[in-house]
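Going left to right, the sequence shown walks through residues 1 to 193 as the UniProt record's numbering numbers them. Backbone N, C-alpha and C fix where the C-beta goes; we use that ideal spot for every residue, glycine too. All of these numbers come straight from a predicted model, not from anything done at the bench. See below for the structure under consideration.
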Amino acid sequence: MLQVQGSGRVRLPDGSFVRVLYDGRNGRPYTAVAKLIVQEGHLPLEGLTLARWTAWMRQNPEIARRLIRANASYIFFRLAPVADPALGPQGAAGAPLSPGRSIAVDANLWRYGLPFWLEGRLPGGAPTETGRLVVAADTGSAIVGPARGDLYLGTGAAAGVAAGNLRDPVGFVVLLPKPTPRTGAEPAAESGR
């Protein structure tokens, strides 16, 4: 899953944790394993969720290994200590991600720290919630284009299920300040008298 997520925490055999952070990719094209599972007829597209296809992979490890190897794209990671386990993973902006409030954007188009408004039904919100203010704090190799973003929902099983079930279309609007028009009145130059 880290190859898809781009960063995370890994539990070591002694029970301690270490963060793994995105550190680059090999530049080869990405092939979605879930798409291959559907194309080969192992699971139907209808009702396919992250939880369902990862459970299928655990039950079919030999086929899963073959499908994983079909993806030529590879993400490289660097290790970082877990100073405060309560904080989210570090985003590309260098700050911890906040569940439900941090998004990953195309860093070639948008600057980190920009506020965005997401419009639509969002996981973790009230059933009537229709929008949410978020901040660009991360990026990812699959996030390309002006209207593409990934909402960080947190760590753990519940966050993974929520992220895997995010299917509804969500509007994506950057909030920029309105330019201030120049008045044309420049300060008067001193006459030298």
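Take the Cβ of residue i as the centre, count every other Cβ of all protein chains shown within 10 Å, and call the residue buried at 16 or more, exposed below.
i	result
Y22	buried
F17	exposed
L153	buried
P85	exposed
P44	exposed
V116	The amino acid at residue 116 is misidentified as Val; the sequence shows Phe. When all chains shown are included, F116 counts as buried.
V105	buried
residue 195	Because residue 195 is not part of the residues shown, which for the chain are 1 to 193, the question remains open.
A162	buried
L12	exposed
L122	buried
G91	buried
With DSSP as the reference, please indicate the residues paired to residue i in a beta bridge.
i	result
Q90	P96
D138	A104
P181	None; P181 has no bridge partner.
A80	R19
D168	DSSP lists no partner for D168.
V173	W117
I75	R25
L133	W117
Would you report the Cα separation of residue i and residue j, rounded to the nearest angstrom?
i	j	result
P146	W110	8 Å
R182	L176	18 Å
A107	A93	10 Å
S141	S98	20 Å
W56	Q39	14 Å
G160	A51	8 Å
P89	G131	24 Å
F172	T155	23 Å
L36	R101	31 Å
G47	A83	39 Å
L166	R65	26 Å
R9	T180	45 Å
Counting only the same chain and skipping the five closest in sequence on each side, list residues whose C-beta sits under 8 Å from that of residue i.
i	result
Y74	Q3, R25, N26 and R28
P81	V18 and R19
P169	G120
N60	H42
R103	Per the sequence shown, the amino acid found at residue 103 is Ile instead of Arg. So the list reads F116, L118, V134, V135, A136, A137, D138, G149, D150, L151 and Y152, once near-sequence residues are dropped.
CB of residue i to nearest heavy atom of the ligand GTP: below 7 Å?
i	result
P44	Among the components of this structure there are no ligands whatsoever, and the ligand GTP is therefore not found.
The stretch 66 to 74 touching the stretch 29 to 38, judged by at least three CB pairs closer than 8 Å: Three or more pairs of CB atoms, one per stretch, sit closer than 8 Å, so the stretch 66 to 74 contacts the stretch 29 to 38.
Touch check for the stretch 105 to 119 and the stretch 129 to 140: three-plus C-beta pairs under 8 Å? Touching, yes, given that three or more Cβ pairs across the two stretches are closer than 8 Å.
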